[in-house]
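A.B. asks:
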Amino acid sequence: MGLTITNTPKRAEPQAVASAIEALAARFGNRLVTSLAVREQHGHTTTWLPNQPPDAVVMAQETADIQDTVRICAQHNVPVIAFGTGTSLEGHVNAPAGGICIDLRDMNKILEVHAEDLDCVIQPGVTRKALNENLRDQGLFFPIDPGADASIGGMAATRASGTNAVRYGTMRDNILALKVVRGDGEIITTGTRAKKSAAGYDLTHLFVGSEGTLGIISELTIKLRGIPETIAAASCSFPSVSDACQAVILAIQTGIPLARIELMSESQVKAVNAYSKLTLPETPLLLLEFHGSEVEVGEQSKNFGAIAKDCGGGDFTWTTRPEDRNKLWQARHDAYWSVRALRQGDGVGVVATDVCVPISRLADCVGETEADLNRLGLLAPIVGHVGDGNFHCSLLCDVNDAEELARADEFMHRLVERAQSMDGTCTGEHGIGQGKQKYLQAELGLEALQAMRAIKQALDPQNIFNPGKILPQGV
């Protein structure tokens, strides 16, 4: 893929940046921060990609702050990058051309909750955990769970999904409307609270997944769900990844309404056991969750247990005790950190990536990927949202070892090519950012990229919104 960044846009002119910072300082006072430590915190910090900090950070508290920052940046032709919580994995928040970062974490108000309509209106800095904590007393929850406690504005911008996607869909399926600050500082409203609409272009879904390259989300209207009466978590080990995937395919084909179904490779189970002090069987493992009434959850669990047994599964254990469920799923969410703990060293980092294929090809794709890892002598435990064919590799490598980096580069390239050859995609949920631009043309074709470039030019003619992301240079 390159464990390198291939798209480096021209940096903003130093005098223009200085003038923009002067104007922003007059507007925001001490809410404009230029210290190196804070700037570096607002660059990429989670994976192998280098940290490229902005020139300054604005701490926004309301929509007018976003508007004024964008207007000043547009006046001086200086880039502007939105920042939620910084948990993205493909360099989305880096500032390769310099510019101004708008930190949205203080825009964390829940503006309206319409329990009877199962929706709410929020600011972009609200995190999923804070939202669900607020909604719990009303018997409601927001189901999208990418693992990290990400901001919901950031989740919309990257089209996030996660462990619940097999039942509740992705961010794309759970946003009704957005308010977006465009390049001149004015606000676009993309929809209403109506559950469906045939009015005009679908601008909402144009901005969902646009990674901050078309505008900055200042408000979201999102769908909510009722908290299920009963929730059960389960685990089941299998002799092979192929057997586990076959059980999933049969469960989906027979209509079992799985709420979550996650695959862990043998090496990932070993890492989780060591990190989270569990005793899961160290073979390929499925983690599941069922939602519904007590009777429905019992029936779902029983039916899946029978399918798992037919596919060679071992002991199928399930529980409705919240403390047991939370322990199991926290271990799954800590999978990334469990991998980081496997190997120490100054130069050791995690190259996190994901691909997605039709579920009928998932076993083949995972099997060939594990064979590649063995051939190349690399360690990359695998976890997957197996219900929708999406899986993640957390590749451990020493960035100071050129020979190991070359093997890692070969592995990453073959992983993406393999997924695309199976009618899959180079990313199911991480996004393109800086890390995967070179694969877009092979996946979608030059004409699609030219259409994207035309949209970008129409909505952001100065190219100030998050330059150097999604679209490769030369398109």
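Numbering-wise (our numbering), the sequence shown opens with residue 1170 and increments by one.
Quick reminder that beta carbons are idealized off the backbone N, C-alpha and C, glycines included.
Confirm, please, whether the CB-CB distance from Asn1635 to Ile1250 is below 8 Å.
C.D. replies: Against a cut-off of 8 Å, the Cβ pair of Asn1635 and Ile1250 comes out as a contact.
A.B. asks: Should Thr1390 go down as buried or exposed, given a rule of 16 or more other Cβ atoms within 10 Å for buried?
C.D. replies: Buried: at least 16 other Cβ atoms inside 10 Å.
A.B. asks: When the Cα of Glu1463 is compared with those of Ser1409, Thr1488, Pro1453, Leu1449, which residue comes out closest?
C.D. replies: Closest by alpha carbon: Thr1488.
A.B. asks: What are the boundary residues of the beta strand (DSSP E) that Thr1238 is part of?
C.D. replies: First-last for Thr1238: 1232 to 1245, but that is the alpha helix (DSSP H), not the beta strand (DSSP E).
A.B. asks: Indicate the three-state DSSP secondary structure (helix, strand or coil) for Ala1194 in the structure shown.
C.D. replies: Helix at Ala1194.
A.B. asks: Pull up the CB-CB distance for Gly1600 and Arg1328, whole angstroms please, since I reckon it's below 8 Å.
C.D. replies: At roughly 7 Å, the Cβ-Cβ gap stays under 8 Å, so Gly1600 and Arg1328 are in contact.
A.B. asks: Determine the contact status of Ala1319 and Thr1382, defining contact as a CB-CB distance below 8 Å.
C.D. replies: Result no, Cβ atoms of Ala1319 and Thr1382 do not sit closer than 8 Å.
A.B. asks: Take the Cβ of Lys1625 as the centre, count every other Cβ of all protein chains shown within 10 Å, and call the residue buried at 16 or more, exposed below.
C.D. replies: Flag for Lys1625 reads buried.
A.B. asks: Counting only the same chain and skipping the five closest in sequence on each side, list residues whose C-beta sits under 7 Å from that of Gln1244.
C.D. replies: Hits under 7 Å: none found.
A.B. asks: For Ala1194, which option in Gly1467, Pro1315, Cys1242 has the closest C-alpha, if you only look at C-alpha atoms?
C.D. replies: Of the listed residues, the one whose Cα sits closest to Ala1194 is Cys1242.
A.B. asks: Where Leu1609 and Ala1326 are concerned, what is the direct C-alpha to C-alpha distance, given to the nearest angstrom?
C.D. replies: Each residue's Cα considered, the two are about 18 Å apart.
A.B. asks: Kindly indicate which residue of Leu1548, Pro1312, Ser1366 has the alpha-carbon position closest to the one of Ala1577.
C.D. replies: Nearest of Leu1548, Pro1312, Ser1366 to Ala1577, Cα basis: Leu1548.
A.B. asks: Starting from Asp1412, trace the alpha helix (DSSP H) both ways and give me its first and last residue.
C.D. replies: Start and end: 1410 to 1422.
A.B. asks: Assign Val1249 to one of three DSSP states: helix, strand, or coil.
C.D. replies: Here Val1249 sits in strand by DSSP.
A.B. asks: How big is the Cα-Cα spacing for His1465 and Leu1427?
C.D. replies: Correcting the residue identity first, residue 1465 is Glu in this sequence and not His. Roughly 11 Å between the two C-alpha positions.
A.B. asks: In chain order, which alpha helix (DSSP H) runs of at least 4 residues are fully inside the segment 1353 to 1417?
C.D. replies: Runs of the alpha helix (DSSP H) inside the segment 1353 to 1417: 1372 to 1376.
A.B. asks: Please identify the residue among Pro1491, Val1517, Ala1413 whose C-alpha is closest to the C-alpha of Asp1479.
C.D. replies: Nearest of Pro1491, Val1517, Ala1413 to Asp1479, Cα basis: Ala1413.
A.B. asks: Which residue marks the beginning of the beta strand (DSSP E) containing Asp1288, and which one marks its end?
C.D. replies: Looking at the DSSP string, the run of the beta strand (DSSP E) that includes Asp1288 is 1288 to 1291.
A.B. asks: Put Leu1455 into one of helix, strand or coil per three-state DSSP.
C.D. replies: Note: Leu1455 maps to strand in three-state DSSP.
A.B. asks: Please report the straight-line C-alpha distance between Ile1279 and Ile1425, rounded to a whole angstrom.
C.D. replies: Their backbone Cα atoms lie some 34 Å apart in a straight line.
A.B. asks: According to the neighbour-count rule (16 or more other Cβ atoms, all chains shown, within 10 Å of its Cβ), is Asn1559 buried or exposed?
C.D. replies: So Asn1559 ends up on the buried side.
A.B. asks: Would you check if there are 3 or more beta carbon pairs closer than 8 Å linking the segment 1551 to 1566 to the segment 1332 to 1340?
C.D. replies: Counting Cβ pairs under 8 Å, three or more are found: they touch.
A.B. asks: Which partner residues of Met1433 appear in the DSSP bridge assignment?
C.D. replies: Paired residues: Leu1454, Val1552.
A.B. asks: Among all the DSSP beta bridges, which residues are the ones paired with Trp1487?
C.D. replies: DSSP output for Trp1487 lists Ala1403 as bridge partner(s).
A.B. asks: State the Cα-Cα distance for the pair Ala1416 and Ala1500, rounded to the nearest angstrom.
C.D. replies: Answer to the nearest angstrom: the Cα atoms are 22 Å apart.
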